[in-house]
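Colleague: Below is one structure. I have some questions about it.
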Amino acid sequence: MNRHIDIETLSRYFLNQLSSDEETAIQEHLSHCHECADRLDAMRKLREGMFGDELQEKQQTMLFRILRSGWTKAAAAIILVIGTGLFTAETIRNRNNVVEQHEIINGGKNSEEVFAIDTFDKQDSVYYHNKYGDDFKF
Amino acid sequence: MDQHLKKDSLELLTKECEHYRLKRLGFLRDIRKEAELLASRFPPKEDETFAQWKSRCLREYYRYKGFSAFCRDNIDNPDFETLVRTLINTYIQKAFESSPRTETDRFLAPDLDTVSYAMPPSLFQELYTIYFSAMPSFGNTSELDRFCGSIAGERFPVDEARIIGSLQENDNFYWEKFYTKLRPITDAFCYQMSGITGANNTHDIWSDTCISVNRAVVEHRLKEPVDSKAIISYSVGILKNKNKELARSKARTPVDVDTLQYRLTAEDDEKYFNNPITKPENFPSQIPSLSTYIDYSDKESVQGYFVVILYNKEHPLHDTLVKGYEDKIGRMFEHYIDGMSYEEIVARHYGITDGKKLTKECARLRQETKRLKNNLLERFYKMLEQYR
Numbered sequence: 121m122n123r124h125i126d127i128e129t130l131s132r133y134f135l136n137q138l139s140s141d142e143e144t145a146i147q148e149h150l151s152h153c154h155e156c157a158d159r160l161d162a163m164r165k166l167r168e169g170m171f172g173d174e175l176q177e178k179q180q181t182m183l184f185r186i187l188r189s190g191w192t193k194a195a196a197a198i199i200l201v202i203g204t205g206l207f208t209a210e211t212i213r214n215r216n217n218v219v220e221q222h223e224i225i226n227g228g229k230n231s232e233e234v235f236a237i238d239t240f241d242k243q244d245s246v247y248y249h250n251k252y253g254d255d256f257k258f
Numbered sequence: 490m491d492q493h494l495k496k497d498s499l500e501l502l503t504k505e506c507e508h509y510r511l512k513r514l515g516f517l518r519d520i521r522k523e524a525e526l527l528a529s530r531f532p533p534k535e536d537e538t539f540a541q542w543k544s545r546c547l548r549e550y551y552r553y554k555g556f557s558a559f560c561r562d563n564i565d566n567p568d569f570e571t572l573v574r575t576l577i578n579t580y581i582q583k584a585f586e587s588s589p590r591t592e593t594d595r596f597l598a599p600d601l602d603t604v605s606y607a608m609p610p611s612l613f614q615e616l617y618t619i620y621f622s623a624m625p626s627f628g629n630t631s632e633l634d635r636f637c638g639s640i641a642g643e644r645f646p647v648d649e650a651r652i653i654g655s656l657q658e659n660d661n662f663y664w665e666k667f668y669t670k671l672r673p674i675t676d677a678f679c680y681q682m683s684g685i686t687g688a689n690n691t692h693d694i695w696s697d698t699c700i701s702v703n704r705a706v707v708e709h710r711l712k713e714p715v716d717s718k719a720i721i722s723y724s725v726g727i728l729k730n731k732n733k734e735l736a737r738s739k740a741r742t743p744v745d746v747d748t749l750q751y752r753l754t755a756e757d758d759e760k761y762f763n764n765p766i767t768k769p770e771n772f773p774s775q776i777p778s779l780s781t782y783i784d785y786s787d788k789e790s791v792q793g794y795f796v797v798i799l800y801n802k803e804h805p806l807h808d809t810l811v812k813g814y815e816d817k818i819g820r821m822f823e824h825y826i827d828g829m830s831y832e833e834i835v836a837r838h839y840g841i842t843d844g845k846k847l848t849k850e851c852a853r854l855r856q857e858t859k860r861l862k863n864n865l866l867e868r869f870y871k872m873l874e875q876y877r
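Residue numbers (the numbering used here), protein chains in the order written: chain G, 121 to 258; chain B, 490 to 877.
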């Protein structure tokens, strides 16, 4: 194939519509004809420019797309808000419980007493259980 | 490493990727790196022709990369299914172009289209289950390609009985093709018998005929055994009756309706079903090569065809596509094909090289390119609708 490839054949090559033998002949020609290779390259670049974003988007992994999506960010924000809310509510409930238990046991005498109970945890629970026995229910 | 060999390897793998969608399937990631690997591991031997080297190096490369196992692992991958469907469709299309027109196509398919060499989704699923359930071992893409070719050879053209059965089961795929077939025939009969022209004026008759034929076939009201000729004859009968009614209602003096043609005569047959294109005066013309190029079910094929029309100035549809956008397309080509930045294009066309004006012009050019892309695609899809 000494002459240049006509544009229709090159288009068919670009569209994968040639037979295997024809395809090989074109590739052999392209290996030494810069002009034809440049024209084919132009079509490829044009496709990349026109539809490249779409192709890249397809190639991104599902996980990446999920992580990048706005819904994920919204869900994370909601979880954060709910988590903070639950933690606060739980802390308040603990505080009320401890005050209530203390008042029941001491007959409300030490109502002015200050408790450091904002960080009430399992160890505290054990401590109060040891101190007050089974009457302390938490 | 020899630059020439590198370039050849890159072209081979790029084409393999385009043809068999290897990147999308996840078989390859970086084509350049893979091309370097191919060139270094499987260089041409002495006295080996290009074709021999291509065949050997791809065969060995696919074996090295474990293509066979990859296919087995991807049997349920929708992208792999799409690839198989496209490959089979390519062979069917080739068979259609090189075979004489079947009787079924003559009576049921639009001009230049086919029902005998068409693969509706339901048929593809059936074939995929039969041939790919126990995934055969494919050493390389050529073997997969040949296997798809053999499926196309064995199963196409589709039997008339099967197509009629699908029509009786109200399969939209075949009905849509038949409705398209009826459109120019309706125009022809309306023009000849009632003198009505124009798509708007004949639309009601056409849609009424489509509904009547559909009901008759689906409700098994045609005399068994039903064949394609019986369906088209029934349709023509309805068309003629409708035109007779129209002629009678329009006539100022009584018309002898029996003098109007009624049956599908040999003359009709020759005129409307033996011609490759039914094309009386004023009928919409068709671009002969269009339907042979595009696989409408494949998005990449449609996009590829868009690029071909846009780039190839000799293509019969190029002028229609770019009309009014010539200058903008020139600038878009400079950006996409020549790789020029927006700044360089602005400097070249408007002589602005710095300052706020440059920034503003670049933003405008970016917007222009984006809008142009959308406008061209919109126009292209509208054009396709005309020729489908």
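Note that CB positions come from ideal geometry on N, CA and C, so glycine has one too. Since the model is a prediction, treat every value here as computed from it, not as a measurement.
Should K729 (chain B) be labelled buried (16 or more other beta-carbon atoms within 10 Å of its own) or exposed?
Modeller: buried
Colleague: Please tell me whether Q856 (chain B) has its Cβ less than 9 Å away from any Cβ of chain G.
Modeller: Answer no: the Cβ-Cβ gap between Q856 (chain B) and chain G never drops below 9 Å.
Colleague: Tell me whether the stretch 842-851 of chain B and the stretch 142-158 of chain G touch, counting them as touching only if at least three CB pairs, one residue from each stretch, are closer than 8 Å.
Modeller: Touching, no.
Colleague: Look up F171 (chain G) in the DSSP assignment and say whether it is helix, strand or coil.
Modeller: helix
Colleague: Any beta carbon from chain G within less than 9 Å of M608 (chain B)'s own beta carbon?
Modeller: no
Colleague: Answer with yes or no whether the minimum CB distance from E210 (chain G) to chain B is below 9 Å.
Modeller: Judged by the 9 Å Cβ criterion, E210 (chain G) is not in contact with chain B.
Colleague: Where does Q137 (chain G) fall in DSSP's three states?
Modeller: coil
Colleague: Alpha carbon to alpha carbon, how far is L601 (chain B) from T809 (chain B)?
Modeller: 22 Å
Colleague: How long is the line joining the alpha carbons of E857 (chain B) and K871 (chain B), rounded to whole angstroms?
Modeller: C-alpha separation (whole angstroms): 21 Å.
Colleague: Who are the neighbours of H508 (chain B) on chain G, taking C-beta pairs under 9 Å?
Modeller: N136 and E143
Colleague: In terms of alpha-carbon separation, which member of B:T686, B:Y620, B:F645 and B:T603 lies closest to Y668 (chain B)?
Modeller: B:T603
Colleague: Closest Cβ-Cβ distance between D634 (chain B) and chain G: below 9 Å?
Modeller: yes
Colleague: Measuring CB to CB, does V707 (chain B) end up less than 9 Å from Y723 (chain B)?
Modeller: no
Colleague: Got a sec: is the Cβ-Cβ distance from L799 (chain B) to anything in chain G below 9 Å?
Modeller: yes
Colleague: Specify, as a first and last residue, the run of the alpha helix (DSSP H) that R530 (chain B) falls within.
Modeller: Here the alpha helix (DSSP H) through R530 (chain B) covers I520 to R530.
Colleague: Applying a beta-carbon distance threshold of less than 9 Å, which residues of chain B neighbour E155 (chain G)?
Modeller: Result: empty, since nearest Cβ-Cβ is about 14 Å, beyond 9 Å.
Colleague: Give me the residue from G:L135, G:G190, G:W191 and G:S139 with the minimum Cα distance to R164 (chain G).
Modeller: When the alpha-carbon of R164 (chain G) is set against those of G:L135, G:G190, G:W191 and G:S139, the nearest one is in G:L135.
Colleague: How many Å lie between I520 (chain B) and E505 (chain B) at the Cα?
Modeller: 10 Å
Colleague: Take L735 (chain B) and list the residues in its own chain whose beta-carbon comes closer than 6 Å to its own, dropping the five residues that flank it on each side.
Modeller: For L735 (chain B), where only same-chain residues beyond five positions count, the Cβ hits under 6 Å are S683.
Colleague: Does DSSP put K242 (chain G) in a helix, a strand or coil?
Modeller: helix
Colleague: Grab me the residues of D787 (chain B)'s own chain with a C-beta within less than 6 Å of its C-beta, minus the 5 sequence neighbours each way, in chain order.
Modeller: T575
Colleague: Check whether the stretch 795-802 of chain B and the stretch 128-142 of chain G touch, using three or more Cβ-Cβ pairs below 8 Å as the test.
Modeller: yes
Colleague: In the DSSP assignment, find the unbroken alpha helix (DSSP H) run with V573 (chain B) in it and report its ends.
Modeller: P567 to S587
Colleague: List the residues of chain B whose Cβ lies closer than 8 Å to the Cβ of R167 (chain G), in chain order.
Modeller: Q792, G793 and V796
Colleague: Select from the stretch 818-843 of chain B all residues with a C-beta closer than 9 Å to any C-beta belonging to chain G, and list them in chain order.
Modeller: M821, F822, H824, Y825, I826, D827 and G828
Colleague: Give a yes or no on whether the minimum CB-CB distance between E803 (chain B) and chain G is below 9 Å.
Modeller: yes
Colleague: Exposed or buried, what is F207 (chain G) when buried is set at 16 or more other beta-carbons lying within 10 Å of its beta-carbon?
Modeller: Residue environment analysis places F207 (chain G) among the exposed positions, since fewer than 16 neighbouring C-beta atoms fall within 10 angstroms of its C-beta.
Colleague: Rounded to whole angstroms, what's the CA-CA distance from T698 (chain B) to E713 (chain B)? Just pull it up for me.
Modeller: 21 Å
Colleague: Using 9 Å as the threshold, is the C-beta distance between Y663 (chain B) and L656 (chain B) below it?
Modeller: It is a contact, given that the beta carbons lie within the stated cut-off.
Colleague: By the three-class DSSP mapping on this structure, what secondary structure does P625 (chain B) have?
Modeller: coil
Colleague: Is the Cβ of S631 (chain B) closer than 9 Å to any Cβ of chain G?
Modeller: yes
Colleague: Quick check on E649 (chain B): buried or exposed, where buried means 16 or more other Cβ atoms within 10 Å of its Cβ?
Modeller: buried
Colleague: If you drop the 5 nearest sequence neighbours on each side, which residues of the same chain put their C-beta closer than 7 Å to that of W878 (chain B)?
Modeller: With chain B covering 490 to 877 only, the question about residue 878 (chain B) has no answer from this structure.
Colleague: State yes or no: is the beta carbon of A196 (chain G) nearer than 9 Å to at least one beta carbon in chain B?
Modeller: no
Colleague: Give a yes or no on whether the C-beta atoms belonging to L514 (chain B) and F585 (chain B) are separated by under 9 Å.
Modeller: Not closer than 9 Å, so no.
Colleague: At which residues does the alpha helix (DSSP H) containing C506 (chain B) begin and terminate?
Modeller: Here the alpha helix (DSSP H) through C506 (chain B) covers Q492 to Y509.
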